[in-house]
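Visitor: The structure under discussion is supplied below as structure tokens; questions concerning it will follow.
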Amino acid sequence: MRRIVDYPRAGKSGWKRFVPSWRLVGGAVLACFSLGVIAFAILYSQVSVPSPNQLVTANASVVYWSDGKTEIGRFGEVNRRSVPLSDVPDSMQKAVLAAEDRTFYQNHGVSPKGIARAAWVALKGGSKQGGSTITQQYVKNYFLTQDRTITRKAKEFIISLKIEQKESKDQILENYLNTIYFGRSSYGVETASQAYFGVPAKKLNLSQSALLAAIIRSPGLYDPVTEKANAQARMDYVLDGMLKEGWITQDQRDKAKFPKIAKQRTSNRFGGTNGYLLKVVRQEVIAKAGLTDADIDRGGLKIVSTFDRTTQADAVKAMNDELPTEGAKGVGAGLVSIKPGDGAVVAMYGGKDAVKDPYNDATQSVMQAGSTFKPFALAAALEDGISLKSRYDGSSPKKFGTYEVSNYGPGRGEQFGNIDLITATAHSVNTVYVALNQDVGPEKTMQAAIKAGYPANTLGLKPPQLGNVLGTASPHVIDVAEAYATFAAQGMHADAYTVRSVSGADGKSLYKAKPKTERVFSEDSMADLTYALQAVIKNGTGSYAGSQIDRPLAGKTGTAQKNNAAWFAGYTPQLATAVGLYRNGKNDKGQVVQLSLNGLGGNNAVTGASFPLKIWTAFMKDALDGQKVLQFPDPVYGGKSNVPTYTPTTTTTTSTPTTSTPTTSTPTTSTPTTPPTSTTTTTSTTPTTTITVPTTLPTTKTSSSTTTATQTKAAEPATKTKTTAAAAPPG
């Protein structure tokens with residue numbers, strides 16, 4: 008009996024029986040093609056073109072506190088006004104074509120290549136892809152869906168074909184220009200023209216047209232104010248495209264300059280302290296969930312943040328209660344609190360009002376770290392086999408080659424004898440820590456900071472220099488909080504994040520945070536490091552916190568050069584928090600720089616042990632109220648004592664401190680079992696540094712908070728290159 012399909016093949020032997028004939032292959036291909044045509048025909052007949060009236064409907068997206076029930080705020084102030092194509096200048100029309108679809112008037116509304124690429128990326132779960140025609144983008148806006156599926160792309164393809172048959176090219180372009188999102192809550196070219204330039208669309212010039220067209224691809228990435236470099240590059244691409252297509256002359260191209268941008272009108276919904284939270288959440292949704300500004304403003308999303316409502320209120324209260332108003336001109340303050348071992352940001356204070364001052368002092372402004380950087384040298388030393396019991400000469404000043412360092416105090420600085428690393432940490436002894444950094448190596452100290460949570464591109468972090476241990480790098484507050492959260496988690500690092508989940512208007516999950524932890528330091532090293540940082544709280548520069556909070560605490564003060572910035576960063580096993588203060592002002596040349604905090608609250612020497620410590624203490628006391636008291640692990644005193652080979656000569660001083668006469672504590676030779684005490688009454692130090700500090704302003708963090716880059720608000724201290732032995736501020 009003859010088979011319908013000759014497979015395995017008759018009359019063949021061995022493996023040849025399983026090699027299909029050309030007839031069989033051709034038949035299979037023809038069958039698949041026929042089925043595809045039939046499926047396409049069925050889908051084509053079932054998919055209808057939506058009415059334009061359905062396309063202007065937009066739903067606000069709501070951001071919730073971590074409980075997923077209580078609203079923080081919402082996105083979605085729709086601003087749209089349609090105009091006929093005749094009111095859109097030719098320069099704007101051609102600029103859009105140059106940016107998005109140069110063959111618009113020649114193609115059939117679809118890009119098979121772009122469809123295939125997007126489908127392939129969707130199958131792999133990748134991010135959204137560009138390359139769609141103007142017709143396809145127009146159709147996608149009508150659907151207003153965040154689905155990244157083959158089905159949605161197929162519908163987009165079919166509707167694009169139908170619209171091409173139903174509407175003229177001019178009508179499609181008009182509808183597109185009236186529905187596309189330009190940022191600044193503006194939908195359509197008319198409202199965008201008013202929002203960015205304060206003129207109606209019909210009065211747009213070539214430069215303005217090119218910039219608006221440049222923004223379309225990603226309003227956040229090409230924002231002409233916060234991302235001017237990106238916007239300029241994209242605008243040049245548009246103008247070059249117009250020139251290439253013959254739509255403008257070389258003379259017009261040469262004369263087209265970056266246009267003046269109108270001041271943005273910010274909605275009051277971003278007012279107050281919560282406005283900073285909403286902006287950070289928005290940036291993270293775009294960066295991590297792969298959604299667009301239009302998706303957020305029109306998609307009816309439910310966004311659950313990591314911010315705890317009660318803990319956030321504690322942060323605001325601490326700032327309001329402890330940050331003085333006297334002498335506060337130009338002062339900025341940031342606070343970030345993170346859940347160790349997870350990375351969830353439970354509280355963030357970026358400023359008083361995000362409308363009046365849009366820069367977030369927790370995630371955008373930068374400040375020299377001061378002595379909050381010293382624990383990274385200690386971590387590197389412990390990992391390298393140096394014990395907490397290792398002893399160093401704490402006299403002051405000390406020279407390391409041509410680099411001279413002194414401890415805090417008048418004259419030659421406070422004098423310490425032969426002390427262990429616990430005492431040196433408790434009192435932030437500069438000379439000991441520079442010697443330790445010399446033994447460990449500045450490169451390892453820098454790498455420890457990066458492992459803990461500092462972005463590798465932190466201003467002043469590279470190249471590593473001997474003085475880096477004294478905090479010449481300028482991180483964001485969130486960077487320091489993330490790093491100290493790594494200490495609190497006993498060496499397990501987790502990137503900081505603020506978005507827990509995102510779901511669509513239909514309830515479908517679009518994104519869910521998946522915190523990843525990585526061991527970057529050993530548990531033994533972190534047990535010893537935490538023990539040393541507990542000494543800071545018990546009888547060192549952070550003793551105020553220990554007097555107010557009855558539970559195990561660990562932390563470190565930090566004060567920058569000339570008291571230009573002040574810090575306190577610390578933790579319990581369940582919460583890590585950093586507080587940073589700075590002051591901005593103008594120098595004699597009119598440049599914005601960081602100025603001394605001295606005078607704030609009538610205090611002539613603002614240090615990390617003053618207002619930052621008080622803010623941190625007030626916050627942690629309230630935030631931890633009612634929570635279980637958790638213990639830190641006991642120290643293991645790992646490594647070897649007296650590993651350091653550098654033994655400087657002890658020098659004495661005859662200077663008398665102005666506050667009280669310090670008595671140098673006599674070091675013990677026995678193994679310490681509790682953080683050591685000291686009869687020294689003055690606090691200890693951050694650097695009198697000779698390291699050159701960059702003066703250029705950096706961009707915001709894009710690694711852990713995954714925010715879009717923008718110029719920072721906090722300026723850097725002026726460059727200082729002269730070697731000095733003058734007393735440094737307390738650390």
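Those letters in the sequence shown? Residues 8 to 738, per my numbering, in order. We put the CB at the ideal spot given by N, CA and C, even for glycine. Keep in mind that this is a model prediction, so the values were computed, not measured.
1) From which residue to which residue does the alpha helix (DSSP H) around T493 run?
2) Which one or two residues does DSSP pair with K593 in a beta bridge?
3) Closest to E390 by CA distance: which of D400, V447, A495 and G416 is it?
4) Leaving aside the five residues before and after P640 along the sequence, list all residues of the same chain whose C-beta is less than 6 angstroms from its C-beta, in chain order.
5) If we call anything under 9 angstroms between Cβ atoms a contact, is V506 one with V292?
6) Can you tell me whether Y758 is buried or exposed? The criterion is at least 16 other CB atoms within 10 Å of its CB, across all chains shown.
7) Mapping the DSSP letters down to three states, classify N66 as helix, strand or coil.
8) Assuming K478 contacts A567 (C-beta within less than 8 angstroms), just tell me the rounded distance between them.
9) So is S516 buried or exposed if we call it buried at 16+ other beta carbons inside 10 Å?
10) Flag this pair as yes or no: are the beta carbons of S435 and K569 separated by less than 9 angstroms?
11) Taking only runs that begin and end inside the stretch 346–415, name each unbroken beta strand (DSSP E) of 3 or more residues, in chain order.
12) Leaving aside the five residues before and after P96 along the sequence, list all residues of the same chain whose C-beta is less than 7 angstroms from its C-beta, in chain order.
13) Taking the Cβ atom as the reference point for each residue, do A240 and V103 lie within a distance shorter than 9 angstroms?
14) Rounded to a whole number of angstroms, what is the C-alpha to C-alpha distance between D302 and A456?
15) How many Å lie between S648 and F626 at the Cα?
16) Do you know how far the Cα of D300 is from the Cα of Y229?
17) Please report the distance separating the alpha-carbon of A320 from that of Q259.
18) Take the Cβ of G289 as the centre, count every other Cβ of all protein chains shown within 10 Å, and call the residue buried at 16 or more, exposed below.
19) Opposite D427 in the DSSP bridges: which residues?
20) Rounded to the nearest angstrom, how far is the Cβ of K195 from that of N591, given a contact under 8 angstroms?
21) Between R87 and A67, is the Cβ-Cβ spacing less than 9 angstroms?
22) Specify the secondary structure class of W72 as computed by DSSP and reduced to three states.
23) Is it true that the stretch 594–612 meets the stretch 513–532, where meeting means three or more beta-carbon pairs spaced less than 8 angstroms apart?
24) Excluding the 5 residues flanking V245 on each side, which residues of the same chain have their C-beta closer than 6 angstroms to its C-beta?
25) Under 9 angstroms between C-beta atoms, does D629 make it to chain B?
26) Using a 10 Å radius around the Cβ and a threshold of 16 neighbouring Cβ atoms, would you call Q634 buried or exposed?
27) My output table needs one value for A463: the three-state DSSP class, helix, strand or coil.
28) Which residue comes first and which comes last in the beta strand (DSSP E) that contains I622?
29) Got a sec? Which residues, its chain only, sit under 8 angstroms from I544 by beta carbon, not counting five neighbours each side?
30) Look at the alpha carbon of L443 and the alpha carbon of F204, and state the distance between them as a whole number of angstroms.
31) Quick check on V26: buried or exposed, where buried means 16 or more other Cβ atoms within 10 Å of its Cβ?
32) Could you pull out every residue in the same chain whose Cβ sits closer than 6 angstroms to the Cβ of V146, ignoring the five residues on either side in sequence?
33) Taking all protein chains shown into account, decide if R272 is buried (16 or more other Cβ within 10 angstroms of its Cβ) or exposed.
34) Please report the residue range of the alpha helix (DSSP H) in which Y283 lies.
35) Alpha carbon to alpha carbon, what distance is there between A296 and H115?
36) Apart from the five residues just before and just after K19, which ones in its own chain have a Cβ nearer than 7 angstroms to its Cβ?
Guide: Taking the coordinates as given:
1) Counted from its first residue, the sequence shown places residue 493 at position 486. Looking at the DSSP string, the run of the alpha helix (DSSP H) that includes T493 is V484 to A495.
2) As a working mapping, residue 593 is identified with position 586 in the sequence shown. Paired residues: V599.
3) Residue numbering aside, residue 390 sits at position 383 when the sequence shown is read from its first letter. Of D400, V447, A495 and G416, the residue nearest in Cα terms is V447.
4) Here residue 640 corresponds to residue number 633 of the sequence shown, with the count starting at 1. Closer than 6 angstroms at the Cβ level, and outside the excluded window around P640, lie A534.
5) Here residue 506 is taken as the residue at index 499 of the sequence shown, counted from 1. Here residue 292 is taken as the residue at index 285 of the sequence shown, counted from 1. Against a cut-off of 9 angstroms, the Cβ pair of V292 and V506 comes out as a contact.
6) Residue 758 lies beyond the residue range present for the chain, which begins at 8 and ends at 738; the question has no answer from this structure.
7) Here residue 66 is taken as the residue at index 59 of the sequence shown, counted from 1. Of the three classes helix, strand and coil, the one that applies to N66 here is strand, per DSSP.
8) Position 471 of the sequence shown, counted from the first residue, corresponds to residue 478. Position 560 of the sequence shown, counted from the first residue, corresponds to residue 567. Checking the displayed sequence, the identity of residue 478 turns out to be Gly instead of Lys. Correct: roughly 7 angstroms between the Cβ atoms.
9) Position 509 of the sequence shown, counting from 1, holds the residue named residue 516. Flag for S516 reads exposed.
10) What you label residue 435 is simply residue 428 of the sequence shown in a count that begins at 1. What you label residue 569 is simply residue 562 of the sequence shown in a count that begins at 1. Going by C-beta atoms, S435 is not nearer than 9 angstroms to K569.
11) 352–356, 398–400, 405–407 and 410–412
12) Numbered from its first residue, the sequence shown carries residue 96 at position 89. Cβ within range, chain order: K209, L211 and S216.
13) Locating residue 240 in the sequence shown gives position 233, counting from the first residue. Locating residue 103 in the sequence shown gives position 96, counting from the first residue. In this structure, V103 does not lie closer than 9 angstroms to A240 by Cβ.
14) For this step, residue 302 is matched to residue 295 along the sequence shown. For this step, residue 456 is matched to residue 449 along the sequence shown. Near 37 angstroms, if we compare the C-alpha coordinates of A456 and D302.
15) One-based indexing of the sequence shown puts residue 648 at position 641. One-based indexing of the sequence shown puts residue 626 at position 619. Computed Cα separation, rounded: 38 angstroms.
16) What you label residue 229 is simply residue 222 of the sequence shown in a count that begins at 1. What you label residue 300 is simply residue 293 of the sequence shown in a count that begins at 1. If you take the alpha carbons of Y229 and D300, they lie about 12 angstroms apart.
17) Against the sequence shown, residue 320 aligns to sequence position 313. Against the sequence shown, residue 259 aligns to sequence position 252. Roughly 55 angstroms separates the two Cα atoms.
18) Translated into positions along the sequence shown, residue 289 becomes position 282. First, the residue type needs correcting, since residue 289 is Arg and not Gly in the sequence shown. So R289 ends up on the buried side.
19) Translated into the one-based positions of the sequence shown, residue 427 becomes position 420. R398, per the DSSP bridge assignment.
20) Walking along the sequence shown from the start, residue 195 turns up at place 188. Walking along the sequence shown from the start, residue 591 turns up at place 584. Note on identity: in this sequence residue 195 is Gly, with Lys being the wrong assignment. That belief does not hold up - the Cβ atoms of G195 and N591 are roughly 38 angstroms apart, past 8 angstroms.
21) Working through the sequence shown from its first residue, we reach residue 87 at position 80. Working through the sequence shown from its first residue, we reach residue 67 at position 60. Result no, Cβ atoms of R87 and A67 do not sit closer than 9 angstroms.
22) One-based indexing of the sequence shown puts residue 72 at position 65. Residue state, collapsed to three classes: coil.
23) no
24) If you number the sequence shown from 1, residue 245 lands on position 238. Closer than 6 angstroms at Cβ, skipping near neighbours: A102, A105, A106, A217, A220 and A221.
25) Absent from the structure is chain B; it holds one protein chain and no more.
26) Residue numbering aside, residue 634 sits at position 627 when the sequence shown is read from its first letter. Exposed.
27) Indexing the sequence shown from 1 puts residue 463 at position 456. Residue state, collapsed to three classes: coil.
28) Translated into positions along the sequence shown, residue 622 becomes position 615. It is not in any beta strand (DSSP E) - I622 instead sits in the alpha helix (DSSP H) that spans F618 to A630.
29) Here residue 544 is taken as the residue at index 537 of the sequence shown, counted from 1. The answer, listed in chain order, is S550, A552, G553, L560, A561, G562 and G577.
30) In the sequence shown, counting from the first residue as 1, residue 443 sits at position 436. In the sequence shown, counting from the first residue as 1, residue 204 sits at position 197. Approximately 57 angstroms, taken between the alpha carbons.
31) Counting from one through the sequence shown, the residue named residue 26 turns up at place 19. Under this definition V26 is an exposed residue.
32) Locating residue 146 in the sequence shown gives position 139, counting from the first residue. If we look at V146 and ignore the five residues flanking it on each side, its Cβ neighbours are E163, I166 and S167.
33) Counting from one through the sequence shown, the residue named residue 272 turns up at place 265. Answer is exposed; the Cβ neighbour count stays below 16.
34) Working through the sequence shown from its first residue, we reach residue 283 at position 276. Segment N281 to A296, the alpha helix (DSSP H) holding Y283.
35) On the sequence shown, position 108 is the one that residue 115 refers to. On the sequence shown, position 289 is the one that residue 296 refers to. Each residue's Cα considered, the two are about 32 angstroms apart.
36) Here the question's residue 19 lines up with position 12 in the sequence shown. If we look at K19 and ignore the five residues flanking it on each side, it has no Cβ neighbours.
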